[in-house]
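Enquirer:
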Amino acid sequence: KSNHFLRNRLFQVFPGRNKFLCDGRIIMARQTGILYFTISLILITVALFFGFECRLTLVTHLPFGFFIPIVCGLLFLFNMGCLLRTAWSDPGIIPRASPEENAYLERCLQDENTHEYRPPPRTLDITINGAPIKLKYCFTCKIFRPPRASHCSMCDNCVENFDHHCPWVGNCVGRRNYRYFFLFVTSLTFLCLFIFGFSVTHIVLLSGLQGGFLEALKISPGRYPFTLLILICFFSIWSVVGLSGFHSYLVGRSLTTNEDIKGTWSKKRNRDNQNPFDQGGLWKNCCYVLCSPLPPSMINRRGFV
5 KSNHFLRNRL FQVFPGRNKF LCDGRIIMAR QTGILYFTIS LILITVALFF GFECRLTLVT
65 HLPFGFFIPI VCGLLFLFNM GCLLRTAWSD PGIIPRASPE ENAYLERCLQ DENTHEYRPP
125 PRTLDITING APIKLKYCFT CKIFRPPRAS HCSMCDNCVE NFDHHCPWVG NCVGRRNYRY
185 FFLFVTSLTF LCLFIFGFSV THIVLLSGLQ GGFLEALKIS PGRYPFTLLI LICFFSIWSV
245 VGLSGFHSYL VGRSLTTNED IKGTWSKKRN RDNQNPFDQG GLWKNCCYVL CSPLPPSMIN
305 RRGFV
């Protein structure tokens, strides 16, 4: 029993650059400052909307005005749930080779005649759906990375279906959390458009009540900070709309950001280059990326070592 309490859990000795919370149940990158900024910006924007915009709907008697806080609240809860699910979950970390596995590989690579160690090959050729793929050897994790996997320099882990490392969510985006990242970006787009639309509407209505647009702007920074809401949403919309559009394009073609940047399946390299992970159509790709069953985590963070 005493030995049981002396043993460490995996998250306590995990080799990657990650932060673990709640006794290993939550996994994040070590650099989480921008994540807290993201959460704060969303909270402040929604709080201003509820504190001022929603209150004004009762004064101006907008048609179906009572639906406005309900819709905004549901969008906010869904958006925060997707953000935290992306930030606090295992993105698909591939375990490093154990000492036994590494020793076995070295024995296999040892020259039978000279008994000298040969470095492992950098690639291993396989075929998936008729397309040749090179599996790259990771000298940090001592493994041949699966197709679409890559080593994240920020977290120091190989991640399955690696998309990118996103500082805004404080985590890598990979196979196990990509759908939640996509839903976070998409719902944030709708939330920004929703708040921006009603902020502009109320500025117009307030202009009529105050006798002009400039008069409405004069009172907005104080009692009704609509201008602040409009500015926050206006500058946020350009980034989140573009990001959600880009990832919608990736989902429709069953690509990752990493593959798109590198042009892995680009026909500019080779006219016969085909994406072997394309399911054969827009809707099939969407269902495959966003609705297929999630694989279990390959690292038992709370297991004893």
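Numbering (my numbering) for the sequence shown: 5 to 309. Here a beta-carbon is modelled for each residue, glycine too, at the ideal position from N, C-alpha and C.
Could you check the C-alpha separation between residue 244 and residue 93 for me, to the nearest Å?
Expert: The residue you call residue 244 lines up with position 240 of the sequence shown. The residue you call residue 93 lines up with position 89 of the sequence shown. C-alpha separation (whole angstroms): 22 angstroms.
Enquirer: Taking the DSSP output, what are the residues bridged to residue 279?
Expert: For the purposes of this step, residue 279 is identified with residue 275 of the sequence shown, where counting begins at 1. In DSSP, residue 279 forms no bridge with anything.
Enquirer: What is the DSSP secondary structure of residue 93, reduced to helix, strand or coil?
Expert: Here residue 93 refers to the residue found at position 89 of the sequence shown. Reduced to three states, the DSSP call for residue 93 is coil.
Enquirer: With contact counted as at least three CB pairs below 8 angstroms, one residue from each stretch, are the stretch 248-260 and the stretch 182-199 in contact?
Expert: Contact holds: three or more Cβ-Cβ distances are below 8 angstroms.
Enquirer: Have a look at residue 16 and residue 32 and give me their C-alpha separation to the nearest angstrom.
Expert: Position 12 of the sequence shown, counted from the start, is the residue given in the question as residue 16. Position 28 of the sequence shown, counted from the start, is the residue given in the question as residue 32. Rounded to the nearest angstrom, the two C-alpha atoms are 14 angstroms apart.
Enquirer: DSSP on residue 266, reduced to helix/strand/coil?
Expert: Position 262 of the sequence shown, counted from the start, is the residue given in the question as residue 266. In the structure shown, residue 266 sits in a helix (DSSP, three-state: H, G or I).
Enquirer: Any chance the stretch 93-110 sits against the stretch 200-212, with 3 or more Cβ pairs inside 8 angstroms?
Expert: Judged by Cβ distances under 8 angstroms, the stretch 93-110 makes no contact with the stretch 200-212, as fewer than three pairs qualify.
Enquirer: Helix, strand or coil for residue 12, going by three-state DSSP, please let me know.
Expert: Mapped onto the sequence shown, residue 12 falls at position 8. Three-state DSSP puts residue 12 in coil, outside helix and strand.
Enquirer: Excluding the 5 residues preceding and the 5 following residue 174 in the sequence, name in chain order all residues of the same chain whose CB lies nearer than 6 angstroms to its CB.
Expert: Here residue 174 refers to the residue found at position 170 when the sequence shown is read from its first residue. Within the same chain, residue 174 has close Cβ partners 32, 33, 36, 39, 91.
Enquirer: For residue 105, count neighbouring Cβ atoms within 10 angstroms of its own Cβ and tell me buried if that reaches 16, exposed if not.
Expert: One-based indexing of the sequence shown puts residue 105 at position 101. Label assigned to residue 105: exposed.
Enquirer: Could you check if residue 6 is buried or exposed, using at least 16 other CB atoms within 10 Å of its CB as the buried criterion?
Expert: Taking the first residue of the sequence shown as position 1, residue 6 is located at position 2. The pLDDT assigned to residue 6 is 48, lower than 50, so where the model puts this residue is not dependable; a value taken from the coordinates is nonetheless given after this. By the 10 Å Cβ count, residue 6 comes out exposed.
Enquirer: Alpha carbon to alpha carbon, how far is residue 289 from residue 182? Give it in angstroms, no decimals.
Expert: Here residue 182 is taken as the residue at index 178 of the sequence shown, counted from 1. Here residue 289 is taken as the residue at index 285 of the sequence shown, counted from 1. Taking the straight line from one Cα to the other gives about 14 angstroms.
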